[in-house]
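For the sequence shown, the numbering used here assigns the number 86 to the initial residue and increments by one for each residue that follows.
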Amino acid sequence: MITKKPLNIVIDSDSSKISGGTIENPDTLIDAGKCLIEKGVTAIAIVAKFPDDPDSLETNIYREGKGVDPIAGVEAVISHLISKFLKVPCAHAPALNPIELNENLDPRAAAEEIGYTFLPSVLIGLSNAPDIVELPAKNESISLHPDQIESIVVPNGALGGEAVLAGIEKGLNIISVKNQNTLKVTNEFYNYPNLFEVDNYLEAAGIILAIKKGINLDSVKRPLKKIQQCSYSD
86 MITKKPLNIV IDSDSSKISG GTIENPDTLI DAGKCLIEKG VTAIAIVAKF
136 PDDPDSLETN IYREGKGVDP IAGVEAVISH LISKFLKVPC AHAPALNPIE
186 LNENLDPRAA AEEIGYTFLP SVLIGLSNAP DIVELPAKNE SISLHPDQIE
236 SIVVPNGALG GEAVLAGIEK GLNIISVKNQ NTLKVTNEFY NYPNLFEVDN
286 YLEAAGIILA IKKGINLDSV KRPLKKIQQC SYSD
């Protein structure tokens, strides 16, 4: 399905080091999505042509592993737009012209240098995506209800998203994984007592299992606190 009009993507990466942007013709994207759903589609992959700026300072800094992805913000706008309004899983892959090899390329960005649409990873993800459904009445059952969520795992420094704020409001366990990034939204802003900082995702998985099994987290930390001598009198 090809949209009737170009999306006219505008990338907005400002000095705050937060990736963002807009699409000037969102209606044409929604209309194309509606046509696909009418044909029976249950998940949507989008490939949008992005403006090319190979000499962008932000792009080269990102390729060297030192900055934010300048197009990630507007990519999120595209996929969230479809998921929110059409209630189907959606993922986006940008179409970019080839750019010259950067000798200082960071290994984490190497995969992005191989292809120019990254569509295979999008299709793999969507093939396992769950259906998006409206919350049913209380007397109905779904496979996973928000009230059944006990813990969420997020990168440290990125605690300002809707999911984290909703989790804090509901009193969930927030597991924060150490991660080098330019965002500094940490627990210093919230002082939330049910937040656990861990070094990696393996440790996060261990905490989730311990919570599920009812294990006191202090009992698995090392070193253990020494037994304190106590005295009392009648």
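Even glycine gets a Cβ: it sits at the ideal position worked out from N, Cα and C.
Under the Cβ criterion (8 Å, minimum of three pairs), the stretch 112 to 119 does not count as touching the stretch 149 to 156. With respect to the C-alpha of Phe-203, the residue from Asp-216, Asn-182 and Leu-190 having the closest C-alpha is Asn-182. Inclusion of Val-283 and Val-262 in the CB contact set at 7 Å is warranted, their separation being smaller than that value. Ile-167 is positioned such that its CB atom lies closer than 7 Å to that of Cys-175. For Cys-120, the uninterrupted alpha helix (DSSP H) segment begins and ends at 111 to 123. Phe-135 and Pro-179 do touch by the CB rule: their CB atoms are close to 5 Å apart, below 8 Å.
Fully enclosed alpha helix (DSSP H) runs of no fewer than 4 residues occupy 195 to 199, 204 to 212 and 247 to 255 of the stretch 174 to 258, in order along the chain. In this structure, the CA atom of Gly-210 is about 11 Å from the CA atom of Ile-129.
Note on geometry: alpha-carbon atoms of Val-239 and Tyr-317 lie some 46 Å from one another. In this structure, Asn-258 is the residue among Asn-258, Lys-306 and Glu-109 with its C-alpha nearest to the C-alpha of Ile-234.
With fewer than 16 other beta carbons inside 10 angstroms of its own, Leu-142 counts as exposed. The beta carbons of Leu-171 and Ala-133 sit about 16 Å from each other, so the pair does not count as a contact at 8 Å.
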